[in-house]
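S.K.:
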Amino acid sequence: MKKLIILFLTVILCADFVYPQQKRLTNETESEKAERMQWWTNDRFGMFIHWGLYALPARHEWVKQRERLTNEQYQKYFEEFNPEKYDPVQWAKAAKAAGMKYAVLTTKHHEGFCLFDSKYTDYKATNTKANRDLVKEFVDAFRAEGLKVGFYYSLIDWHHPDFTVDRMHPQRTESQSVYDSLNIGKDMNKYRTYLHNQVRELLTNYGKIDILWLDFSYPGENGKGRDDWNSIELIKMVRELQPGIIIDNRADLNDYADGYDFETPEQVSPKELAKYKGKYWETCQTFSGSWGYYRDETSWKTHQQLLDLLITSTANGGNLLLNVGPTAKGEFDYRARKALKELGYWMDAHSDAIYHCTYAPDEFALPENLNARLTYNPTERKLYLHLFDYPSTGTITLPNYGGKVRYAQLLNDYSEIQYQQTNNNKDIILTLPKVKPPYEVTVIEFLLK
Ligand code: GLC
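Just so you know, we're using this note's numbering here: the sequence shown kicks off at 176 and counts up by one.
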């Protein structure tokens with residue numbers, strides 16, 4: 176009997192281990208989620224926009240923290256904020272031309288400054304020389320271009336008087352007693368109410384919002400997490416106010432199946448993206464090392480690196496959210512414009528290999544020595560081969576593709592790519608044009624049987 180009980184308990188425990196009962200906030204099913212996520216999964220490519228007072232110092236959006244600036248020292252940026260060239264219609268047009276389908280704007284970053292007209296603070300764009308609700312104009316402009324609209328909202332706030340000093344804060348210290356004395360009189364309850372009120376404003380006053388990007392949690396000693404934000408009530412409220420909305424995973428609710436909708440690998444290399452296959456995910460990436468406008472930053476990614484991120488994301492079933500940090504004047508700087516234009520040139524000819532695409536079925540593999548990726552449109556049964564190096568031999572052999580392909584063509588002009596079957600019809604050999612097509616990455620479209 177004892178043995179039987181032990182066996183019974185072991186089975187139950189193992190079952191729970193293998194199929195952990197994930198906690199839930201709502202009763203949405205997986206297929207309902209898939210439907211809600213569908214536009215996002217199809218669109219694959221969005222624009223992140225980090226814009227705030229940190230555009231003035233122009234030396235990283237964490238400048239207040241990095242240089243341990245006080246509110247008083249940071250105040251000059253509020254007073255001089257005067258984005259005379261802010262015209263989100265231009266931003267939206269640039270995003271659209273680059274092939275992006277949605278955009279996520281920092282309505283408030285860690286510095287606490289609000290680009291929107293919140294009734295819960297004076298620290299907002301309407302009280303600067305800009306003198307208007309900049310979020311409203313963003314929403315109108317991007318919607319008018321047919322782009323989906325997302326809000327980034329910083330859970331962290333280095334300006335709010337009740338936000339306690341913690342290990343990420345500009346006034347962080349080494350000693351607990353200093354923390355304690357710095358935090359006398361600060362009331363996180365009040366900050367929590369502020370945060371919930373502002374999220375409610377954002378999700379009430381601007382119509383349908385497609386994405387909410389909360390950022391971020393760092394639980395543990397002198398950190399902040401779900402209890403500090405009251406994440407459970409926050410996410411419940413968000414889903415109630417905007418039932419269709421898609422939420423990132425930074426509110427510290429990863430043990431709830433619907434505490435978030437997608438994972439957010441940040442600034443990872445294309446190689447690392449393979450491990451997210453099969454999940455909902457979006458990698459967020461900068462053009463250079465900083466999210467906010469950084470004048471003197473020179474480590475800008477090349478056109479090939481950016482294409483690699485976009486294509487490799489799709490090739491692993493995920494999205495790319497590519498960031499622009501507009502200047503204090505309100506514009507995309509020349510480097511960002513150039514990068515977006517180049518992406519647009521490629522996307523104009525190759526977006527069929529991105530939108531509605533995902534990873535290829537297992538039966539299609541790539542030869543090891545070929546620097547290439549595969550993407551796949553399952554509804555149209557089209558397979559796309561992206562060549563990062565153009566073969567000098569003029570031919571490419573694809574093992575085990577024999578008998579599976581009906582027709583092959585260059586995606587940029589629909590010119591036929593001839594091929595022969597070899598090795599008992601198991602493999603195919605493609606004959607490529609001698610001159611590489613005028614695009615950084617060449618794409619061959621296979622219409623499958
Ligand atoms: C980080 C940074 C931040 C940036 C964000 C984008 O968490 O704190 O500056 O907004 O990532 O993913």
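Ideal Cβ positions, reconstructed from N, Cα and C, are used throughout, including at glycine.
Which class does residue 297 belong to by DSSP, given the choice of helix, strand or coil?
M.R.: Your numbering for residue 297 matches position 122 in the sequence shown. In the structure shown, residue 297 sits in coil (DSSP, three-state: anything other than H, G, I, E or B).
S.K.: Closest by CA to residue 459, which one among 209, 279, 368?
M.R.: Within the sequence shown, residue 459 is the residue found at index 284, counting from 1. Residue 279 is the option with its Cα nearest to residue 459.
S.K.: At what residue ranges does the stretch 359–443 contain a whole run of the beta strand (DSSP E), taking only runs of 3 or more?
M.R.: For the stretch 359–443, whole beta strand (DSSP E) runs of length 3 or above, ordered along the chain, are 386–390.
S.K.: Straight-line CA distance for residue 242 to residue 198?
M.R.: Translated into the one-based positions of the sequence shown, residue 242 becomes position 67. Translated into the one-based positions of the sequence shown, residue 198 becomes position 23. Their Cα atoms are separated by approximately 41 angstroms.
S.K.: What's the call for residue 327, buried or exposed, on a 16-neighbour Cβ count within 10 Å?
M.R.: Residue numbering aside, residue 327 sits at position 152 when the sequence shown is read from its first letter. That one is buried.
S.K.: With a cut-off of 8 angstroms on the beta carbons, I'd call residue 317 and residue 310 a contact; round off their distance for me.
M.R.: Position 142 of the sequence shown holds residue 317. Position 135 of the sequence shown holds residue 310. Going by Cβ atoms, the distance from residue 317 to residue 310 rounds to 11 angstroms, so no, they are not a contact pair.
S.K.: Take the Cβ of residue 307 as the centre, count every other Cβ of all protein chains shown within 10 Å, and call the residue buried at 16 or more, exposed below.
M.R.: As a working mapping, residue 307 is identified with position 132 in the sequence shown. By the neighbour-count rule (16 or more Cβ atoms within 10 Å), residue 307 is not buried but exposed.
S.K.: Between 611, 449, 598, which has its C-alpha nearest residue 578's C-alpha?
M.R.: The residue labelled residue 578 in the question sits at position 403 within the sequence shown. Residue 578 has its Cα closest to that of 598, out of 611, 449, 598.
S.K.: May I have the straight-line CA-CA distance separating residue 477 from residue 498, to the nearest angstrom?
M.R.: Here residue 477 corresponds to residue number 302 of the sequence shown, with the count starting at 1. Here residue 498 corresponds to residue number 323 of the sequence shown, with the count starting at 1. Using only the alpha carbons, I get a separation of about 14 angstroms.
S.K.: Please confirm whether any heavy atom of ligand 1 lies closer than 7 angstroms to the CB of residue 333.
M.R.: In the sequence shown, residue 333 corresponds to position 158, counting from 1. Every heavy atom of ligand 1 is 7 angstroms or more from the Cβ of residue 333, so no.
S.K.: Assign residue 217 to one of three DSSP states: helix, strand, or coil.
M.R.: The sequence position of residue 217 within the sequence shown is 42, counting from 1. Helix.
S.K.: Just verifying my parser: in three-state terms, what is the DSSP assignment at residue 474?
M.R.: Here residue 474 refers to the residue found at position 299 of the sequence shown. Three-state DSSP puts residue 474 in coil, outside helix and strand.
S.K.: Under 7 angstroms from any heavy atom of ligand 1, does the C-beta of residue 237 make it?
M.R.: Position 62 of the sequence shown, counted from the first residue, corresponds to residue 237. Result yes, Cβ under 7 angstroms from ligand 1.
S.K.: Check whether the Cβ atoms of residue 330 and residue 346 sit closer than 8 angstroms, and answer yes or no.
M.R.: Translated into positions along the sequence shown, residue 330 becomes position 155. Translated into positions along the sequence shown, residue 346 becomes position 171. Cβ distance not < 8 angstroms, so residue 330 and residue 346 don't count as in contact.
S.K.: Just checking residue 472 against ligand 1 - is the residue's beta carbon closer than 7 angstroms to any of the ligand's heavy atoms?
M.R.: Position 297 of the sequence shown, counted from the start, is the residue given in the question as residue 472. For ligand 1, not one heavy atom lies less than 7 angstroms from the Cβ of residue 472.
S.K.: Helix, strand or coil for residue 605 per DSSP?
M.R.: The count along the sequence shown starts at 1 and reaches residue 605 at position 430. It is a strand residue.
S.K.: Count the other CB atoms, across all protein chains shown, that sit within 10 Å of the CB of residue 583; report buried if there are 16 or more and exposed otherwise.
M.R.: Translated into the one-based positions of the sequence shown, residue 583 becomes position 408. Counting Cβ neighbours within 10 Å, residue 583 comes out buried, since at least 16 surround it.
S.K.: Quick check: what's the CA-CA separation for residue 375 versus residue 384?
M.R.: Within the sequence shown, numbered from 1, the residue matching residue 375 stands at position 200. Within the sequence shown, numbered from 1, the residue matching residue 384 stands at position 209. The straight-line gap from Cα to Cα measures roughly 12 angstroms.
S.K.: Run the CB neighbour count on residue 190, radius 10 Å, all protein chains shown included, and call it buried at 16 or more, exposed below.
M.R.: Locating residue 190 in the sequence shown gives position 15, where the first residue counts as 1. Reliability fails at residue 190, whose pLDDT of 47 lies under 50, so the model's placement of it is uncertain and the value that follows must be treated cautiously. Flag for residue 190 reads exposed.
S.K.: Near residue 526, what residues of its chain come up, given a Cβ to Cβ distance below 6 angstroms and the 5 sequence neighbours on each side ignored?
M.R.: In the sequence shown, counting from the first residue as 1, residue 526 sits at position 351. Closer than 6 angstroms at the Cβ level, and outside the excluded window around residue 526, lie 274.
S.K.: Would you give the residue range spanned by the beta strand (DSSP E) that residue 329 belongs to?
M.R.: By one-based count along the sequence shown, residue 329 stands at place 154. Its beta strand (DSSP E) spans residues 323–329.
S.K.: If you run the structure through DSSP and keep just helix, strand and coil, what is residue 480?
M.R.: Residue numbering aside, residue 480 sits at position 305 when the sequence shown is read from its first letter. Here residue 480 sits in helix by DSSP.
S.K.: Would you tell me roughly how many angstroms separate the C-alpha atoms of residue 557 and residue 444, rounded to the nearest one?
M.R.: Position 382 of the sequence shown holds residue 557. Position 269 of the sequence shown holds residue 444. Using only the alpha carbons, I get a separation of about 27 angstroms.
S.K.: Helix, strand or coil for residue 237, going by three-state DSSP, please let me know.
M.R.: For the purposes of this step, residue 237 is identified with residue 62 of the sequence shown, where counting begins at 1. Residue 237: coil per DSSP, three-state reduction.
S.K.: Does residue 359 pass the burial test, meaning 16 or more other C-beta atoms within 10 Å, or should it be called exposed?
M.R.: In the sequence shown, counting from the first residue as 1, residue 359 sits at position 184. Label assigned to residue 359: exposed.
S.K.: Would you tell me roughly how many angstroms separate the C-alpha atoms of residue 418 and residue 409, rounded to the nearest one?
M.R.: Your numbering for residue 418 matches position 243 in the sequence shown. Your numbering for residue 409 matches position 234 in the sequence shown. Going by the C-alpha atoms only, they are around 13 angstroms apart.
S.K.: In three-state DSSP terms, what is residue 340?
M.R.: On the sequence shown, position 165 is the one that residue 340 refers to. If DSSP states are grouped into helix, strand and coil, residue 340 belongs with coil.
S.K.: Quick check: the Cα distance between residue 400 and residue 371, rounded to an integer number of angstroms?
M.R.: As a working mapping, residue 400 is identified with position 225 in the sequence shown. As a working mapping, residue 371 is identified with position 196 in the sequence shown. Using only the alpha carbons, I get a separation of about 15 angstroms.
S.K.: Along the chain, where does the alpha helix (DSSP H) that runs through residue 126 open and close?
M.R.: The question about residue 126 has no answer here: the residues shown for the chain are numbered 176 through 624.
S.K.: Looking at the strands, I want to know which residues DSSP matches up with residue 597.
M.R.: Here residue 597 is taken as the residue at index 422 of the sequence shown, counted from 1. Paired residues: 602.
S.K.: Using a Cβ-Cβ cutoff of less than 7 angstroms, which residues in the same chain neighbour residue 231 once the five nearest sequence positions on both sides are dropped?
M.R.: Here residue 231 is taken as the residue at index 56 of the sequence shown, counted from 1. Contacts found: 252, 255, 256, 503.
S.K.: Would you say residue 626 and residue 524 are within 8 angstroms of each other, going by their C-beta atoms?
M.R.: As displayed, the chain neither begins before 176 nor continues past 624, which places residue 626 out of reach and without an answer.
S.K.: Could you tell me whether any non-hydrogen atom of ligand 1 is closer than 7 angstroms to the CB of residue 658?
M.R.: Only positions 176 to 624 of the chain appear in the structure, and residue 658 is not among them; the question remains open.
S.K.: Pull up the DSSP beta-bridge partners for residue 279, would you.
M.R.: Within the sequence shown, the letter at position 104 stands for residue 279. Bridge partners of residue 279: 223, 325.
S.K.: Since residue 203 and residue 433 should fall inside the 8 angstroms C-beta cutoff, what is the C-beta to C-beta distance between them, to a whole number of angstroms?
M.R.: Taking the sequence shown and counting its residues from 1, one reaches residue 203 at position 28. Taking the sequence shown and counting its residues from 1, one reaches residue 433 at position 258. Right, their Cβ atoms sit about 6 angstroms apart.
S.K.: Given a threshold of 16 other Cβ atoms within 10 Å of its Cβ, counted over all protein chains shown, does residue 218 qualify as buried or as exposed?
M.R.: Here residue 218 corresponds to residue number 43 of the sequence shown, with the count starting at 1. Looking at its Cβ environment, which holds 16 or more other Cβ atoms inside 10 Å, residue 218 is buried.
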